[in-house]
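Worksheet: the structure to be examined is printed underneath.
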């Protein structure tokens, strides 16, 4: 579940900061719906799921995870062109992030 949320967060960051790429928002919403259903099937309550999604600590953990990934890939997350390059590479690889992005 954690990887799914992380994937959507990365794709969302790229689509917001890269003018040449757009997000497949409906696909991402479907994945989120499936992740929530999976969590409920594992016994988590809606309140627990909402707390995870809204948690500042989880958001910071995701940011740190993204920073490590970007550093490893030579991406400056404050540089839109770097994010565009990252997004185009992900699309070309048909990666989990890439399938949530498309060229404008």
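Numbering (my numbering), first residue to last: 15 to 118. Where is the CB? At the ideal position from N, CA and C, for every residue including glycine. The structure displayed is predicted, hence computed values, not measured ones.
Looking at C-alpha atoms only, which residue of the options is the closest neighbour of residue i?
i, options, result
"residue 91", "37, 27, 19, 71", "27"
"residue 115", "35, 55, 96", "35"
"residue 87", "72, 47, 103, 54", "103"
"residue 66", "46, 118, 84", "46"
Mark residue i as exposed unless 16 or more other C-beta atoms lie within 10 angstroms of its C-beta, in which case mark it buried.
i, result
"residue 89", "buried"
"residue 40", "exposed"
"residue 97", "buried"
Going by the DSSP bridge assignment, what does residue i pair with across the sheet?
i, result
"residue 36", "116"
Check the C-beta distance from residue i over to residue j and give it rounded, since I have them as a contact under 8 angstroms.
i, j, result
"residue 31", "residue 37", "No, residue 31 and residue 37 are not in contact; Cβ-Cβ is about 11 angstroms, not under 8 angstroms."
"residue 113", "residue 24", "Going by Cβ atoms, the distance from residue 113 to residue 24 rounds to 12 angstroms, so no, they are not a contact pair."
"residue 15", "residue 52", "6 angstroms"
| In chain order, each alpha helix (DSSP H) run of at least 4 residues that lies wholly inside the segment 60–87 | For the segment 60–87, whole alpha helix (DSSP H) runs of length 4 or above, ordered along the chain, are 60–68, 70–87.
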